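Residue 103 in the working numbering sits at position 103 of the sequence shown; the count goes up by one each step and never skips.
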Amino acid sequence: MMWIWVVLAAVAAQRLWELRLADRNTKRLLAEGAVEVGAGHYPLFILLHASWLAAIAIVTPWTMVPNLWWLGLYIVLQFGRLWVIATLGRFWTTRIITLPSAPLVRRGPYRFLRHPNYLVASLEIAVLPLAFGQVWIALVWSVANALLVGWRIRIEDRALRERR
Numbered sequence: 001m002m003w004i005w006v007v008l009a010a011v012a013a014q015r016l017w018e019l020r021l022a023d024r025n026t027k028r029l030l031a032e033g034a035v036e037v038g039a040g041h042y043p044l045f046i047l048l049h050a051s052w053l054a055a056i057a058i059v060t061p062w063t064m065v066p067n068l069w070w071l072g073l074y075i076v077l078q079f080g081r082l083w084v085i086a087t088l089g090r091f092w093t094t095r096i097i098t099l100p101s102a103p104l105v106r107r108g109p110y111r112f113l114r115h116p117n118y119l120v121a122s123l124e125i126a127v128l129p130l131a132f133g134q135v136w137i138a139l140v141w142s143v144a145n146a147l148l149v150g151w152r153i154r155i156e157d158r159a160l161r162e163r164r
């Protein structure tokens, strides 16, 4: 069995479903008077995540059997991702969309962390390549992600500051 293709197809399908959900939520929020901030960096996230999956697909031998410990950890991280999405509900997007009249979410994982989604996504970027022995992909994309997430968190915190 070509595990790499099964796993990458599942991850890609999940990401596409999330983009569709995020787009629907974004349109609904904008119609309610929300505003998007920091849109300029958004294409970089799309590029980062697409190139991350492409790099794994290109350099991993088709016959590679994943390390089940790392793959299991990646699967556990999906529960964290779903917890974040479920907690934010209609406010979950992949962009920075702020609705001034809405209270900040302080339940679910947001009781413990200000940015749990970024933590989960950062761990995913490191863990999935490790499941296929691709240490350099884990390192390079983790560094690139850390730079982008740092930039994004500054923008997001500024946008949410007045709602705190």
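Using N, Cα and C, we set each Cβ at its ideal position, and we do this for glycine too. Note that the structure is a prediction, hence the values are computed from the model and not measured.
To the nearest angstrom, report how far apart residue i and residue j are at their CA atoms.
{"i": "residue 158", "j": "residue 19", "result": "24 Å"}
{"i": "residue 119", "j": "residue 45", "result": "15 Å"}
{"i": "residue 29", "j": "residue 64", "result": "43 Å"}
{"i": "residue 116", "j": "residue 66", "result": "26 Å"}
{"i": "residue 132", "j": "residue 92", "result": "30 Å"}
So, at 6 Å on beta carbons, what are the nonlocal neighbours of residue i in its own chain, with the 5 sequence-adjacent residues on each side left out?
{"i": "residue 80", "result": "120"}
{"i": "residue 142", "result": "125 and 126"}
Thinking residue i and residue j are a contact (beta carbons under 8 Å), I'd like their distance in whole angstroms, please.
{"i": "residue 147", "j": "residue 104", "result": "Actually they are not in contact, since the Cβ atoms of residue 147 and residue 104 sit about 26 Å apart, beyond 8 Å."}
{"i": "residue 41", "j": "residue 152", "result": "6 Å"}
{"i": "residue 96", "j": "residue 155", "result": "6 Å"}
{"i": "residue 48", "j": "residue 145", "result": "6 Å"}
{"i": "residue 108", "j": "residue 94", "result": "Going by Cβ atoms, the distance from residue 108 to residue 94 rounds to 18 Å, so no, they are not a contact pair."}
Go to residue i, then tell me how far its alpha helix (DSSP H) extends in each direction, as first and last residue.
{"i": "residue 147", "result": "135-161"}
{"i": "residue 25", "result": "3-31"}
{"i": "residue 118", "result": "116-131"}
{"i": "residue 74", "result": "68-88"}
{"i": "residue 59", "result": "42-59"}
Starting from the C-beta of residue i, find all residues in its chain whose C-beta is less than 7 Å away, skip the five residues before and the five after it, and write them out in chain order.
{"i": "residue 73", "result": "127"}
{"i": "residue 32", "result": "99"}
Could you confirm whether any beta carbon from chain B is found closer than 8 Å to the beta carbon of residue i?
{"i": "residue 163", "result": "Included in the structure is just one protein chain, with no chain B present."}
Among the residues of its own chain, which have a CB less than 8 Å from the CB of residue i, if the five just before and after it don't count?
{"i": "residue 134", "result": "55, 56, 59 and 60"}
{"i": "residue 130", "result": "67, 70 and 138"}
{"i": "residue 111", "result": "none"}
{"i": "residue 77", "result": "120, 123, 124 and 127"}
{"i": "residue 51", "result": "141"}
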